[in-house]
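Here the structure comes first, spelled out in structure tokens, and everything after it is commentary.
2 protein chains.
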Amino acid sequence: MALEHALLVALSERPASGLELTRRFERSLGFFWHATHQQIYRVLGRMVDDGWVTVEVVAQEGRPDKKVHTPSDLGRAALEAWLAEPLPMETFRSELAVKLRGASYGDRARLASHLETTRAEHVARLAAYELMEREQFPDPAGLDEAARDQWLVLRGGIGLEHFWIDWITDYLQETS
Amino acid sequence: MALEHALLVALSERPASGLELTRRFERSLGFFWHATHQQIYRVLGRMVDDGWVTVEVVAQEGRPDKKVHTPSDLGRAALEAWLAEPLPMETFRSELAVKLRGASYGDRARLASHLETTRAEHVARLAAYELMEREQFPDPAGLDEAARDQWLVLRGGIGLEHFWIDWITDYLQETS
DNA sequence: AACAGCATGTAACGTGTTACATGATTAC
DNA sequence: GTAATCATGTAACACGTTACATGCTGTT
Chain B
1 MALEHALLVA LSERPASGLE LTRRFERSLG FFWHATHQQI YRVLGRMVDD
51 GWVTVEVVAQ EGRPDKKVHT PSDLGRAALE AWLAEPLPME TFRSELAVKL
101 RGASYGDRAR LASHLETTRA EHVARLAAYE LMEREQFPDP AGLDEAARDQ
151 WLVLRGGIGL EHFWIDWITD YLQETS
Chain Z
1 MALEHALLVA LSERPASGLE LTRRFERSLG FFWHATHQQI YRVLGRMVDD
51 GWVTVEVVAQ EGRPDKKVHT PSDLGRAALE AWLAEPLPME TFRSELAVKL
101 RGASYGDRAR LASHLETTRA EHVARLAAYE LMEREQFPDP AGLDEAARDQ
151 WLVLRGGIGL EHFWIDWITD YLQETS
């Protein structure tokens, strides 16, 4: 029961259609949340039924109509209530960790080569995030509240990529 | 389709019953994987059906019998095949990130106080992991292959806790 | 005419979570 | 005798993933 709230945050920042939300999730909130369009459409439908968002059909030029969703008073209240709840202790789930730990039951050299690939992907993501930081937040001191929160979450994404890269690098050094 | 493989790694290290596996997951692999006993029993049952593990009923003194599971040749082959597959790009899912980003749509002071609690929990987990490292791996240079992998994954857990603590600290400083 | 993109959706399936159930033993 | 621990399990539900379906517009 959290995708609802993630969508409410995104729609509070700016009303959007299902597909726009999907793309926005891939980019900005995507460092820490991922959802397919099918999931988003399903949850969005439920939120409309529950009166958390209102829908407006917007005609576009040269494109199909889109359904733009906006949080209602009820939705804003639900978001506020959720934000006030204590944070659950989160446990990440990493297939990589399982493979590192199980390395001696398979082909260690082959795993190492896959790890090189994964590290390169994280290096690329880190570079993309750092570019986003420079372009979208050139002057952190001058940001308003909501933008500063976005910036701080982006910094979290950067920190997480550093963690991955450092860990894989450490592992490859120790096992080489 | 990955809990199967995580269980195979754990059972390769040492055969175990469902409940023993659940507890082991909470401790050692738990930094990067979590599973309830219901999930583990279900998957274990499927693995028995598929011939990936064999079961031996072991009588105990003053306790109920337990079913000890051991990987079969088929299971070992399945694990090896899985380990040889490329790693999927992992995307973590963090409720904390969503709340940080949504802070301006709720009670910021209240969120900050929850964040203090969460940070304290991560500090405690970090201390527990560091204690485990000192006690279980006092001499990293002298470890065999499997134990070194366990140590390196524990170091990953330590790195992840550092990430959380640093991020939350950074956020609280910037928004205070 | 074929293909890619926009936009929304259905259906089937697999995984994860929550609540509850059973029965035995040990500790207070 | 009440509660806690060990050990295994069932059932119902929520959530996530994959594949497929529709129809329209713009490009090659």
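If you read the protein sequences in the order shown, they are chains B and Z.
The UniProt record's numbering puts the first residue of the first sequence at 1, with every later residue one more than the last.
The UniProt record's numbering puts the first residue of the second sequence at 1, with every later residue one more than the last.
Ideal Cβ positions, reconstructed from N, Cα and C, are used throughout, including at glycine.
Quantities reported herein were computed from a predicted structural model and do not represent experimental measurements.
Check	Outcome
Start-to-end residues for the beta strand (DSSP E) that takes in T70 (chain Z)	63 to 71
Extent of the continuous alpha helix (DSSP H) to which E174 (chain Z) belongs	145 to 175
Interface residues of chain B facing A84 (chain Z) [CB-CB closer than 8 Å]	G106, D107, R110, L111
Own chain, CB closer than 8 Å to P140 (chain Z), minus 5 neighbours either side, in chain order	R148, W151
Cα-Cα separation, A6 (chain Z) to T54 (chain B)	43 Å
Whole-number beta carbon distance between I168 (chain Z) and L126 (chain Z), since they are thought to touch under 8 Å	No, L126 (chain Z) and I168 (chain Z) are not in contact; Cβ-Cβ is about 12 Å, not under 8 Å.
8 Å Cβ cut-off: residues of chain Z touching L87 (chain B)	E95, L96, K99, H114, L115, T117, T118
Chain B contacts made by the segment 158 to 170 of chain Z, where a contact means CB separation under 7 Å	G159, L160, F163, D166, W167, D170
Burial state of R119 (chain B) (16 or more Cβ within 10 Å)	buried
Distance CB(E95 (chain Z))-CB(A2 (chain B)) smaller than 9 Å	yes
Listed by chain order, chain B residues near A103 (chain Z) by CB distance under 8 Å	L83, E145, D149
Under 7 Å by beta carbon: chain B residues contacting V153 (chain Z)	A97, L100, R101
Beta carbon of W82 (chain B) nearer than 9 Å to that of L29 (chain B)	no
Beta carbon of A97 (chain B) nearer than 9 Å to that of S176 (chain B)	no
Length of the line joining the Cα atoms of R23 (chain Z) and G51 (chain Z)	24 Å
Cutoff 8 Å; reference K67 (chain B); Cβ partners in own chain excluding five residues on either side	S17, G18, V55, E56, V57, V58
Residue range of the alpha helix (DSSP H) that includes T22 (chain B)	18 to 27
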